[in-house]
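Undergrad: My questions will all concern the structure given below.
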Amino acid sequence: MNLLIMGLPGAGKGTQAETIVRDYGVLHVSTGDMFRAAMANGTEMGKLAKSFIDKGELVPDEVTNGIVKDRLGEDDIRAHGVLLDGYPRTIEQAQALDAMLVDLGMKLDAVINIDVDPSVLVGRISGRFICKKCGATYNKPNKMPKVADTCDVCGSHEFFQRDDDKPETVANRIEINTKQSAPILAHYREAGLVHDVDGMHSIEETTREIKGILDAI
Ligand code: AMP
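For the record, in the sequence shown the residue sitting at position 169 is 428 according to the numbering used here, with numbers rising by one throughout.
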């Protein structure tokens with residue numbers, strides 16, 4: 260099964276992606292995570308990506324398309340399928356993805372679109388914090404660690420906030436994403452692939468809605 264998950268920053272994409280990956284065995288390909296890994300490793304591509312990401316801008320298409328194509332061509336994706344997250348972010352990337360999938364003999368089965376009211380998002384994102392050790396994500400006040408200041412996954416006590424989750428870049432990211440996602444959704448709606456789910460409910464209800472869709476594919 261090859262899937263794409265869409266939703267504005269803070270819509271709950273990352274959380275729902277974790278559940279889909281766990282329950283359906285597909286591999287998570289998040290361009291944001293790939294860029295963060297490259298930045299952490301200090302690669303040339305990571306340095307280039309950082310100069311855009313720190314300003315809340317998109318990394319240029321030629322860089323982004325290249326890393327996605329390389330990843331989709333790997334054997335584990337062919338065997339288990341993929342959940343693309345954070346890509347495509349521009350209509351040019353959507354067209355590049357269509358061409359890549361044809362080249363690789365793959366097809367998209369569904370686009371899950373998590374729908375939320377943009378006015379709640381700045382608050383949600385500004386409340387996001389991440390475990391320094393294992394990368395588990397939390398959110399004030401909806402998704403706090405079960406034991407105060409202790410990561411549920413690895414027990415670490417150290418957390419951080421992503422630079423691009425800070426209020427000054429969040430508003431810019433939401434504005435860019437809103438503008439960019441409209442033609443992409445239209446592209447996939449035309450192909451009959453989009454399933455809209457309500458992201459204003461609880462995490463569990465949204466998960467149930469997504470499972471209903473994926474179980475019917
Ligand atoms: P994310 O974790 O998906 O919010 O991505 C964090 C940042 O990485 C974004 O704000 C962009 O600067 C960059 N990025 C992630 N995915 C893409 C993409 N498909 N195209 C361009 N830039 C991207």
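All residues carry an ideal CB built from backbone N, CA and C; glycine is no exception. All values reported here derive from a predicted model rather than from experimental measurement.
Quick check: the Cα distance between T466 and M298, rounded to an integer number of angstroms?
TA: Computed Cα separation, rounded: 31 Å.
Undergrad: Can we say the segment 390-409 touches the segment 369-380, given the rule of at least three CB pairs closer than 8 Å?
TA: No contact exists between the segment 390-409 and the segment 369-380.
Undergrad: Need the endpoints of the alpha helix (DSSP H) that L363 sits in, please.
TA: Counting along the chain, the alpha helix (DSSP H) containing L363 begins and ends at 350-363.
Undergrad: Cα-Cα, which of L452, C413, M304 is closest to I472?
TA: Among L452, C413, M304, the Cα nearest to that of I472 is on L452.
Undergrad: How about M265 and N431: do their beta carbons lie closer than 8 Å?
TA: Not in contact: M265 and N431 (Cβ atoms no closer than 8 Å).
Undergrad: According to DSSP, is H287 part of a helix, a strand, or is it coil?
TA: If DSSP states are grouped into helix, strand and coil, H287 belongs with the strands.
Undergrad: Measuring only from the beta carbon, is E321 closer than 7 Å to any heavy atom that is part of the ligand AMP?
TA: Outside the cutoff, so no.
Undergrad: For R432, is the beta carbon positioned less than 7 Å from some heavy atom of the ligand AMP?
TA: Indeed, a heavy atom of the ligand AMP lies less than 7 Å from the Cβ.
Undergrad: Helix, strand or coil, according to DSSP, for R467 in the structure here?
TA: Helix, per DSSP.
Undergrad: Just to confirm, are L263 and V406 a CB contact at a threshold of 8 Å?
TA: Contact: no.
Undergrad: Hey, could you find the ends of the beta strand (DSSP E) A369 is sitting in?
TA: Segment 369-374, the beta strand (DSSP E) holding A369.
Undergrad: Contact defined as beta carbons within less than 8 Å: I believe L317 pairs with R348. What is the distance between those atoms, to the nearest angstrom?
TA: The pair is a contact, with the Cβ atoms about 6 Å apart (cut-off 8 Å).
Undergrad: Taking M304 as part of the alpha helix (DSSP H), name the residues at either end of that continuous run.
TA: Where M304 is concerned, the enclosing alpha helix (DSSP H) stretches over 303-312.
Undergrad: Whole angstroms are fine: how far does the CA of N261 sit from the CA of K470?
TA: Roughly 15 Å separates the two Cα atoms.
Undergrad: Whose C-beta lies closer than 6 Å to the C-beta of D411 among residues of the same chain, with five residues either side of it excluded?
TA: Hits under 6 Å: P404, K405.
Undergrad: Once the 5 residues before and after M293 are set aside, which same chain residues still bring their CB inside 6 Å of it?
TA: Excluding positions up to five away in sequence, the list reads I326.
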